[in-house]
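Protein chains in written order, with our numbering: chain A, 33 to 384; chain B, 1121 to 1412; chain C, 386 to 648; chain D, 18 to 355; chain E, 919 to 1153. Cβ coordinates follow ideal geometry from the N, Cα and C atoms, glycine included. Below is one structure, written out as structure tokens; comments come after it.
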Amino acid sequence: QQPPVRIALIGPMSGTGAFEGQLGLEGAQAMAAVINAKGGVAGGRKIELLTYDDKGSPEDGVSAAKRAMEQDNVDMIIGGWFSAVALSMKEVTRDKIITVMTSSQHPKVTEEGHKYLFRLNATSAMMSEFYSKAICDRIKPKSIAFMNVNDDWGRLELDNYTKLLTGCGIEVKGHEFYNRTDTDFTTALTKLKSLNADAIYVAAINTSQGATIYRQIKQTGYRGKVIASAGNMNPKLVELSGNSLEQVYSASPFTEDGAAPSLKPWLDQYRKDYKNDPSFIAALGAQAVQTLAFGVDAAGGDPRAYDKIAAALKSQAVPTVMGELRFSDKGQASQAIHLVQVQKKQIVSVRD
Amino acid sequence: MDFTVFAQQIANGLVNGMAYVLIATGLTLVFGVLRIVNFAHGEFYMLGAYITYFVGTLFGLDYIAAAAISAVVVAGLGVAANKLIFWPLRRDHEFTILLSSLGLALLIANGGELLFGADPKYVESPFADEVLEIGTVTLTQQRVLVFAAAVVALIAVYLFIRYSRFGKMMRATAQNPDGAALTGINIGLVHTYTFALACGLAALSGALVGPTVMIFPTIGNWAVLKGFIVVIMGGLGSVTGALFAGLLLGVIESLGGGYISLGFMEAIGYAMIIAVLLWRPNGLFSTARGLR
Amino acid sequence: MSPAANSGEILAVSNLTRIFGGLTAVRDVTMTVQAGEVVGLIGPNGAGKTTLFNMLGGSLPPSSGSIRFAGTDCTGAPSHVMGQRGVSRTFQITSLFPSLTALDNVRSAAFRTTRAGWGAAILRSPAYRREEAELRRKALEILAFCDLDHRADTLADAMSYGEQRRLEIAIALAAEPRLLLLDEPAAGMNPEEGQRLVEMIRRIRARGVTVLLVEHHMRVVASVCDRLVVLDHGVKIAEGPPAKVLNDPEVIRVYLGREPVDA
Amino acid sequence: MNTNSHGHSLGQPLAIAGGIAALAVLPFLAGNAYLEHLLVLWMLYALLALSLNIVIGYLGELTFGHAAFVGVGAYTSAILSTQLGLPPLLGLPLAGLVAAGFGLVIGYAALRVVGPQFAILTLGFGAILFTITNHWVDLTRGPMGITDIPPMAIGPLAFDSARPTYYLVLALVLATAYLCHALVGSRTGRAFLAVRENAPLAASLGINVFHTKLMGFVAATAIAGIGGAIYAHYIRVITPDIMGVHNVAALIIVVIIGGRGTILGPILGALVYIGLLESLRVAGPLRMVIFAALLTGTVVFLPGGLISLWQRWRNAHKSENNLPATPTGLPSTEGGAK
Amino acid sequence: MLKVEGLKVRYGHREAVHNVSLTVEDGELVTLVGSNGAGKTTTLKAISALLRPSGGTITFDGERIDRLAPHQVIERGLVHVPEGRQLFPEMTVLEHLELGALRGRPGSMGFAERLRWVYELFPILAERRTQKAGTMSGGQQQLVAFGRGLMANPKCLMLDEPTLGLAPIIVDTLADTIRNLHGTGITILLVEQRVDLALRLADRAYVLETGRVVMEDSAQTLLADPRIKTAYLGL
Ligand SMILES: Nc1ncnc2c1ncn2[C@@H]1O[C@H](COP(=O)(O)OP(=O)(O)OP(=O)(O)O)[C@@H](O)[C@H]1O
Ligand SMILES: Nc1ncnc2c1ncn2[C@@H]1O[C@H](COP(=O)(O)OP(=O)(O)OP(=O)(O)O)[C@@H](O)[C@H]1O
Ligand SMILES: [Mg+2]
Ligand SMILES: [Mg+2]
């Protein structure tokens, strides 16, 4: 029996982001199970996932990364779900260990291009470029108002979309920022409703905040269109939001009806092991494991041959559940993004 | 300024404020009678919402029945918590008791996360999405229900404390437990009932507020902080004080969020508390310590 | 310091009044105390004695009237200012530092007369060491003076009522006051202990401290006071040497009843 | 608690010297960098807890705002070093100074009330500081926090890894412990305790209650600010979370579980807090539940904090003694309803 | 009626009452004398179940009461007027008297009658019925505590320094009241620092020193005892 490849998965396992962290973990575990069932990587080494809780806080993320590297001596790291955590964690891990950052969209994560750092999610710029086109061409609201979370990502979204949507003639009527800890949004929504915009764009990462916002938009009596931010549509959100997400659009690199060969076994495994429906976050978890496994294989089986692994990942296409992934020299992945819509409580991809 | 929006914000604030009041009432009872700063109160609120959810989904009971069952069950849990933790510590320093309640809060919150899962849940209520138009103001039936039920519960609690014999015993125990014991008051029973009442109220507020938002295992944190603010601002142990303070806080937050800055909404609430306490150090409705 | 050295008026109260809601607890009281005197303040329950003490000690502002202490006007001065000026008191409802030992109770009380603070303690300056040693010696002496030396390491909370009363006196003494206000010090003491209290007050006076004493134990009052002031319903109704005041028919009617003074 | 009536035996200085020596060699026994990191965290928490203990233990007031002052210190030094390029070594005293300034203003307003009202006022001020930090994006970078904070350095000696930082914080902890020790043995400290025990009586003895409390509060906030600054330069990233209620609760837990009003208590409490949370990682998802259960159980069975174990032991091994067993001096044998 | 045998009470590790035995017969007035810290209050608190004894037994009316809760002791007619008054500062005089009657035994007098009786004994209570106890003078508070105890219609009354802080004229009234209560057949256990007064009222007396009974005799005998005279009366 060969020793396993030890991969640290650092994510929010408690606190407000716990649900999202859980989804990512499940996705990664299901993928590890699929790979291990087929004999593991590098001719027989199993993948062992070690979980660390960053509580969604940068300080805890740094501590967790230190522990993973210094105490538990892991081979590689998956982590950085929230941008703030990703940004500070990379300072500890950069140039020391192969790290795959997952959902954080902040451009700065891959801006400097550290040699062992990879990021899967599309940056907000890539997402917004795609999604704003869809909004302009397909949804076509005359005017729009924004309901964004008050953090870097939410602020970035506002800037990006204000620029892009004004560019295609949509009037931006106003915006509200809510706090990451808020549980009730009636005050903000009352203000937004009074702007009489054609559509309200909601940028919410947190599932429970999102669901509350979508429900409360309807409850305030708003009758216009609702647009969900890119990358933040998942089955749980749809379930929690009742009817209020019906016909609402979003954009996502993940769709259940994708064509990637590895999607099906993973979906099966996931559905078997967990009660949740697979979501984009879970797919990112799976993708991260696939990326690392591919890198180890490509580098000849040594999970510590970081230079080789990095070189391999940057030079070849990585087959994943969301299709083929290509990494830039700075470690940024480019993902295919699809327009999705909620129809009869199902997230379906909209294709022309 | 647009009057419709103004009226709507006032209405939002009153409903949110009433939810604070409901949470604060149980807290003020436990504080007023037992001198316990109960950080776990928010967790009983959380349990109230979750038990309503599970009774509804697992046993298929309707919302009202589920809420009632949850209030009773949580009242029982409160009695157990009192028996195991607070009663044995009743003569210890207030900071010790505070820490024990902090420990209990952590225990219930994390235990809840383990038992209920980290995923957010939604308490189904037939009133949740039904919109009522009252003049220019739009409210869901659920929000109206929060307000109405709170009013009823508050009046009942107030009358109970003010006029019942047991209320008198509670006040006596609050002011001097030894003296109360020597007067023939069963202070153990007073503790038990107070906890049952307070936790039942907490659960009721969880069940009522639940359908207006999402529930997840850490909602108690938020609830207990708001509750404390209201209790202190209203005056320790004063139910009337809690009522006014809660409504005031709700409305100020709503107007502050609506007209000044949403990001500073909470800070505006805190600023008001600071102003109130500097103006009246014992809170709006208080002359000294003790349950009234 | 001998009593003669600081003779002269130390406390002058004029037209002092305190009203609580509709109740006038102290009405138009005018009195003076000479330095080195022991003056007894007596009167029925609720006559206003404690209220008067509270005003003198600065914990209760008067409704009207004025207080002069040692030549300065102190009307309405807060408690810690009165304390700093040398008015020290015991409380009718026992008041001490419950979870400190008896010794620490007394040492904490010496705030007014000590100088070496935190800085000196950090540097362990010779002045600090000297003062601490002196303070310890003095505190133990005061405890011994109050018959509490065997209880030096006992928490105040864990003492019996009578012991707590004596600890209160020890605390008040440790502040080295010029004027000592004692509110029913003999409460909770038996007649024999009362006798010892009398001895103690005499010795306190011998140190040059002026004493104003509220007390219901007539034997204590009669044997230690130079002069008595009688309050009833907040009004001063009699004043003079004990022998005369205690035989005043009005005082007997409202206050003494039939209890013989020497019982 | 009778902090200042330790016996003056020869054993005590020896024990202290032994303890310090043990602390000094600890990093060499740790074995790996991560354990050294934990040692740093222990000392940082001990430092912050010691400062909080001045308010909770000596002044007897509960503050929910302490984490905010830690944050003020952390942000002060972080901003000075990242935006103005000030050497962190200079930032440290400035952080203490700025935190103390905030402490002075906030204490001046909040200390007019006592007890739970004071606790809520400090919570309010803390929340306002948090909100400002969270929203003043130009200065603090808001929720994203400040990253790339440079490590501290004295000349060629950089505190960029755990071991040197450990010694730095250890020195500060020892200094603070000595400050507290000197405090309780001084007139000032006795005034603190007098105010804690009985404010009206303290006032009647000439102690200005308000000034005394304010002095203690400001001292505590200054130390908190310095602790926060060290933390920022060590972890090298800070977010407004540092001011959040979680940190408030953590510090209060550390002080009370260790033993408020004592010097060893908060240090011990920090060790147990950090050590327990870390060793419970093996429990996986049960980690926090077990932690909370242990915490609650400890409070119920050891109401005086961990330090009271030692006090119990000492009482049991001293023949007939005047001190009651529990540090609060309350009888453990009272009856009551069943 | 009340029988205490081998009573031991500890505070933490320290025993404050060692092996105290005493009996109070039906209708008797017994006093407990001792200097400060002798353990008088501790003994009374143990009897009324405020403290749990670590040894010994307490029987009342033939029934063991040392494992009961305080309110159960009162329900049996054993009422304790405590040292230090133990009032409810924010409640009025009348509320105190009402609470006093709450758990009392039903007796010959109804509540209204009993209230009138207490008001007659201490007119100041009637005058101040709506004043909050916390704002009353020390002596007035003492009367409230005493009145509250009387409202419970006690079979046996334990008084811990009832004359504390009372003006001489009221001490007289109180002494008369105690004598009258005794006359109506109520059993009384009196702890009093005015030893002379106590011994003149009592039938029998126990002398307590450092937690032990050191003397026990009829009150007259003790009043004349030279040791008592020097140790407690200061004569
Ligand atoms: N805070 C207050 N509010 C209302 N009335 C008060 C207050 N304090 C005192 N009184 C009343 O003022 C009067 C004087 O009280 P005070 O305590 O001065 O009496 P005293 O002479 O000390 O009596 P005692 O000998 O019983 O101690 C009493 O009738 C009392 O009820
Ligand atoms: N709460 C307590 N904790 C510890 N020891 C106590 C406590 N209360 C009383 N003691 C101790 O028990 C002993 C007996 O006290 P108790 O109060 O019974 O005396 P007492 O006879 O009533 O005296 P006094 O006449 O002064 O009221 C004393 O030595 C006292 O120090
Ligand atoms: Mg008085
Ligand atoms: Mg006694």
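query, result
"Residues of the region 1056 to 1083 of chain E with Cβ closer than 7 Å to any Cβ of chain C, in chain order", "G1056, G1057, Q1058, E1079, L1082, G1083"
"Within 8 Å, strictly: CB atoms of A318 (chain A) and V353 (chain A)", "yes"
"Beta-carbon contacts of I637 (chain C) that lie in its chain and below 6 Å, excluding the five residues immediately before and after", "none"
"Inter-stretch contact (C-beta, 8 Å, three-pair minimum) for the region 1313 to 1332 of chain B and the region 1165 to 1177 of chain B", "yes"
"Unbroken stretches of the beta strand (DSSP E), 3 residues or longer, contained in the region 149 to 234 of chain D", "169 to 171, 174 to 176"
"Nearest neighbour of H602 (chain C), chosen from C:G425, C:T486, C:V491 [CA to CA]", "C:G425"
"Integer Cβ distance of N153 (chain A) from S135 (chain A), believed to fall under 8 Å", "5 Å"
"N1132 (chain B), DSSP secondary structure in three states", "helix"
"Per-residue contacts from E208 (chain A) into chain B (C-beta, under 7 Å)", "L1382"
"Proximal residues to P335 (chain A) (C-beta, below 7 Å), its chain only, five neighbours per side dropped", "V37, D107, M108, V328"
"One or two residues paired with E933 (chain E) in a DSSP bridge", "E:R928"
"Closer than 9 Å at the beta carbon, the chain E residues around I478 (chain C)", "G1002, R1003, G1056, Q1059"
"Simplified DSSP assignment, three categories, for A235 (chain A)", "strand"
"Uninterrupted beta strand (DSSP E) stretches inside the region 50 to 117 of chain A (no shorter than 3 residues)", "79 to 85, 108 to 111"
"Sequence-distant residues of the same chain with beta carbon closer than 7 Å to L1117 (chain E), five excluded per side", "T949, A1123, A1137, L1140, L1141"
"Cβ-heavy atom distance, D1078 (chain E) to ligand 6, below 7 Å", "Here the bound small molecules are ligand 1, ligand 2, ligand 3 and ligand 4; ligand 6 is not part of this structure."
"Any non-hydrogen atom of ligand 1 closer than 7 Å to G1056 (chain E) Cβ", "yes"
"Classification of T131 (chain A) by the beta-carbon crowding that lies within 10 angstroms, buried from 16 upward", "buried"
"Closest by C-alpha distance to D1298 (chain B), when choosing among E:I1088, E:S966, E:T941, E:D984", "E:S966"
"Contact list for P133 (chain D) against chain B, beta-carbon separation under 7 Å", "V1157, I1352, L1356"
"C-beta neighbour in chain E for P634 (chain C), strict 8 Å", "no"
"Contact between the region 989 to 1004 of chain E and the region 1280 to 1290 of chain B (3+ Cβ pairs under 8 Å)", "no"
"Secondary structure of A365 (chain A), DSSP reduced to three states", "strand"
"When B:N1296, B:T1256, B:A1301 are compared against A1070 (chain E), the one with the closest alpha-carbon", "B:A1301"
"Cβ pair P395 (chain D), P173 (chain D) closer than 8 Å", "Nothing in the structure corresponds to residue 395 (chain D), since chain D is present only between 18 and 355."
"Proximal residues to S480 (chain C) (C-beta, below 8 Å), its chain only, five neighbours per side dropped", "E553"
"The region 138 to 150 of chain A / the region 121 to 128 of chain A touching (three or more Cβ pairs under 8 Å)", "yes"
"D979 (chain E) - containing alpha helix (DSSP H), residue span", "Unbroken run through D979 (chain E): none, as it is neither H nor E."
"Contact set between Q580 (chain C) and chain E, taken where Cβ atoms lie within less than 8 Å", "G1152"
"Extent of the continuous beta strand (DSSP E) run through Q373 (chain A)", "370 to 375"
"8 Å Cβ cutoff met for A1093 (chain E) and G1057 (chain E)", "no"
"Buried or exposed (CB count within 10 angstroms, at least 16 for buried), A543 (chain C)", "buried"
"Touching by the beta-carbon criterion (3+ pairs, under 8 Å), the region 276 to 291 of chain A and the region 361 to 378 of chain A", "yes"
"Cβ distance (whole Å) where A358 (chain C) is taken to contact R522 (chain C) below 8 Å", "Residue coverage of chain C in this structure runs from 386 to 648, which leaves residue 358 (chain C) outside it and unanswerable."
"Simplified DSSP state of S399 (chain C), which is helix, strand or coil", "strand"
"Bounding residues of the beta strand (DSSP E) (the contiguous stretch that carries E203 (chain A))", "203 to 210"
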